[in-house]
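If you read the sequence shown in UniProt numbering, its first letter stands for residue 1, the second for the next number, and so on. Presented below is the structure to which this report refers.
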Amino acid sequence: MITLVGVIGRQDKPLYLKTYENERYSDARLIELAFAACDIFHERIETKARLNDSYFGRLIALEGILLFGSMSNTQIRFVIALQEKTVVINEGKVRHVLSRIQAEYTRAVMNPFHLARVDENGPIVSSNMDRAISQIVASWSHS
């Protein structure tokens, strides 16, 4: 089950962070892990590993929680945390979820009517994006 969806800006500022119920970690701990994932993004960018692919794969693995991430060509990072009882995760499904989250982010920032942002580093406030992300999270649980 997806327990966190995060969109993090170029300067490591949170643009969108939403947690979902989980049994193991507090919301604050999940958000802390999302920011820890930023260090891994920076490390992989500096070593020039996997820059030809926007999907960064598994970033962090803790007991019961896995963080996966991708990055847009504008260096916006997308992170999901999964709480799974099984060790085997379908990477194709994770890629698909991250690309859908990126598409919803793009839709939100390109829509001048549903986005209350003062600057590009401000948080995204969009009920349409919230609804779409919740549907993406629900679709993970049902498949």
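All residues carry an ideal CB built from backbone N, CA and C; glycine is no exception.
- Message: Taking the beta carbon of Ile89 as the centre, do at least 16 other beta carbons fall within 10 Å, making it buried, or is it exposed?
- Response: Taking the sequence shown and counting its residues from 1, one reaches residue 89 at position 89. It counts as exposed.
- Query: Helix, strand or coil: which one does DSSP assign to Val7?
  - Reply: Along the sequence shown, one-based indexing puts residue 7 at 7. In the three-state reduction of the DSSP assignment, Val7 falls in the strand class, which pools E and B.
- Query: For Asn111, which residues of its own chain have a beta-carbon under 6 angstroms away from its beta-carbon, when the five flanking residues on both sides are left out?
  - Reply: By one-based count along the sequence shown, residue 111 stands at place 111. Correct list: empty, nothing qualifies.
- Item | Distance between Thr47 and Leu4 (C-alpha atoms, nearest Å) | Mapped onto the sequence shown, residue 4 falls at position 4. Mapped onto the sequence shown, residue 47 falls at position 47. Approximately 27 angstroms between the Cα atoms of the pair.
- Task: Return the CA-CA distance between Leu66 and Asn121, expressed in angstroms with no decimal places.
- Result: Taking the first residue of the sequence shown as position 1, residue 66 is located at position 66. Taking the first residue of the sequence shown as position 1, residue 121 is located at position 121. Taken atom to atom, the span from the alpha-carbon of Leu66 to that of Asn121 is near 26 angstroms.
- Starting from Ser72, trace the alpha helix (DSSP H) both ways and give me its first and last residue. As a first step, residue 72 must be located in the sequence shown, where it is residue number 72. Unbroken run through Ser72: none, as it is neither H nor E.
- Message: Suppose you measure from the CA of Asp39 to the CA of Gly92; what does that come to, to the nearest Å?
- Response: In the sequence shown, residue 39 corresponds to position 39, counting from 1. In the sequence shown, residue 92 corresponds to position 92, counting from 1. Cα atoms of Asp39 and Gly92: separation of roughly 24 angstroms, rounded to the nearest angstrom.
- Item | Simplified DSSP assignment, three categories, for Thr47 | If you number the sequence shown from 1, residue 47 lands on position 47. Assigned with DSSP and collapsed to three states, Thr47 falls in coil, not helix or strand.
- Query: Using the rule of at least 16 other Cβ atoms within 10 Å of the residue's Cβ for burial, across every protein chain shown, is Leu62 buried or exposed?
  - Reply: The count along the sequence shown starts at 1 and reaches residue 62 at position 62. Leu62 should be labelled exposed.
- Query: What do you get for Arg77, buried or exposed, if any count of 16 or more other CB atoms within 10 angstroms of its CB means buried?
  - Reply: Counting from one through the sequence shown, the residue named residue 77 turns up at place 77. By the 16-neighbour rule on beta-carbons within 10 angstroms, Arg77 is buried.
- Cα-Cα, which of Asp12, Arg131, Pro123 is closest to Met71? Residue mapping note: residue 71 aligns to position 71 of the sequence shown, counting from 1. Residue nearest to Met71 within the set Asp12, Arg131, Pro123 is Asp12 (criterion: CA-CA distance).
- Query: Measuring CA to CA, which of Ala108, Arg24, Gly9 is closest to Val125?
  - Reply: As a position in the sequence shown, residue 125 is number 125, starting the count at 1. The shortest Cα separation from Val125 among Ala108, Arg24, Gly9 belongs to Ala108.
- Query: How far does the beta strand (DSSP E) with Lys13 in it reach, from first residue to last?
  - Reply: For this step, residue 13 is matched to residue 13 along the sequence shown. Premise fails: Lys13 is in no beta strand (DSSP E) and is neither H nor E.
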